Amino acid sequence: MELLKATTEQLRDQVFELQVQARARARIALAEGILVERYRLAGPQEAFALLRQASQRANIKLHQLASAVVRTPGPAPGAAVWVVERAQQPTPDLGVLQAGSLDATNQGEVLGAALRRVMAVTGTDMGNVQLVEDDILRMAKHAGLPRQFTDYFAFVDGNTSCSRAAAASHQVTVKEVASSAGFDDDTRRVILASGSRACHSIPLVDEQDTVRGVISSHHARPLAGFTQTQLRALDSASRALGSWIKWHQRTVLVDALQDLHRLARAHRV
């Protein structure tokens with residue numbers, strides 16, 4: 537019986553990982569098709585190589601650039617740039633993260649600093665950052681959490697504290713995962729297996745109160761809650777990061793599209 541149970545859980549994890557890969561690959565494949573048709577490239581392999589090159593030069597994830605290709609209206613025929621007009625956006629102040637000097641264009645550096653700040657305020661060494669992409673939450677940064685957890689929560693659209701925080705646009709505390717009604721059985725199993733017994737999720741909102749993502753802290757013991765001082769510190773960090781995400785999408789990501797456009801024009805068949 538124990539062997540059957542272990543085998544079932546292993547198969548379930550393998551199926552979920554394949555679903556994650558397929559979900560990401562579908563968006564990349566769509567972007568490849570757009571680029572092949574728009575720039576008359578030799579094929580999907582060349583389109584993928586250009587996506588990878590532009591994403592690496594901008595220090596962003598390839599799937600983020602692919603999503604931007606899919607959702608952003610294409611450049612005018614023969615245009616030298618993808619986006620002709622855009623307002624200059626001032627770099628957000630990230631001092632509230634208490635991380636010293638940060639390269640605001642470096643997504644990994646900024647998300648890592650924000651996660652460390654949240655974990656310091658909440659007193660834990662486990663946590664993760666998720667960004668809103670295509671109306672779902674996607675794992676973007678994590679610390680202290682096992683592979684099973686990060687794979688399972690690679691995409692989230694319900695049954696978690698982070699999805700509730702995003703939907704309600706306010707902080708959500710789960711004082712004890714084992715007894716909370718907010719998780720289905722599979723979700724609860726993965727969280728508990730990671731060593732998390734409680735969690736706290738903070739929506740990342742910009743100056744227009746648009747939710748751009750969620751940061752969650754995970755705790756090895758049940759939580760009694762947080763003080764008002766802690767909650768205010770978390771809110772300040774979340775708003776700084778939310779404004780930064782908006783800025784990053786309107787500057788760094790657009791710059792990556794411009795770079796991709798130049799690369800693709802140079803590779804026309």
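If you want this note's numbering, it's the position in the sequence shown, counting the first as 1, plus 536.
Ideal Cβ positions, reconstructed from N, Cα and C, are used throughout, including at glycine.
Bear in mind that the values here come from a model prediction, so they are computed numbers and not experimental data.
For this session: May I have the straight-line CA-CA distance separating D720 from N695, to the nearest angstrom?
Result: 6 Å
Problem set entry | Every unbroken beta strand (DSSP E) inside the segment 734-790 [3 residues or more] | 734-741 and 747-755
Exercise. Assuming A676 contacts L667 under a Cβ cut-off of 8 Å, what Cβ separation, rounded to an integer in Å, is found between them?
Worked result: 5 Å
For this session: Pick helix, strand or coil for T709, following the three-state DSSP scheme.
Result: strand
For this session: Note the first and the last residue of the continuous alpha helix (DSSP H) segment covering E621.
Result: It is not in any alpha helix (DSSP H) - E621 carries neither H nor E in the DSSP assignment.
Exercise. From what residue to what residue does the alpha helix (DSSP H) around A650 run?
Worked result: Q643 to T658
For this session: Tell me whether the beta-carbon of A604 lies closer than 8 Å to the beta-carbon of L740.
Result: no
Problem set entry | Cα-Cα separation, N642 to I596 | Approximately 8 Å, taken between the alpha carbons.
For this session: Please list, in chain order, all residues of the same chain as A640 whose beta carbon is under 6 Å from its beta carbon, the five residues on each side excluded.
Result: T627
For this session: Using the DSSP secondary-structure output, state which residues sit across from F691 in a beta bridge.
Result: R674
For this session: Can you give me the Cβ contacts of A565 inside the same chain, cut-off strictly under 8 Å, excluding the 5 residues immediately before and after it?
Result: Taken in chain order, the residues that qualify are P580.
Exercise. To the nearest whole angstrom, what separates the beta carbons of A776 and V632, a pair I think is in contact under 8 Å?
Worked result: 5 Å
For this session: Reducing DSSP to helix, strand and coil, say where L681 ends up.
Result: coil
Exercise. Would A773 pass as a contact of A650 if the rule is Cβ separation under 8 Å?
Worked result: Result yes, Cβ atoms of A773 and A650 sit closer than 8 Å.
Exercise. L554: buried (16+ other C-beta within 10 angstroms of its C-beta) or exposed?
Worked result: Low per-residue confidence applies at L554: pLDDT is 49, beneath 50, and the placement is therefore not dependable enough to give any value.
Exercise. Closest by CA to S752, which one among W780, T608, Q764 and R652?
Worked result: Between S752 and the set W780, T608, Q764 and R652, the nearest pair of CA atoms involves R652.
Exercise. Is it right to say D838 is buried, meaning 16 or more other beta carbons lie within 10 angstroms of its own, or is it exposed?
Worked result: Here the chain has residues from 537 to 805 only, and residue 838 is not among them.
Exercise. Closest to D670 by CA distance: which of T709, V747 and H706 is it?
Worked result: V747
Exercise. Would Q707 pass as a contact of H736 if the rule is Cβ separation under 8 Å?
Worked result: It is a contact, given that the beta carbons lie within the stated cut-off.
Exercise. According to DSSP, what are the bridge partners of V665?
Worked result: K677 and I751
Exercise. Exposed or buried, A690, counting other C-beta atoms within 10 Å across all chains shown (16 or more means buried)?
Worked result: buried
Exercise. Is the beta carbon of G761 sitting closer than 8 Å to the one on T709?
Worked result: Taking the C-beta atoms as reference points, T709 is found nearer than 8 Å to G761.
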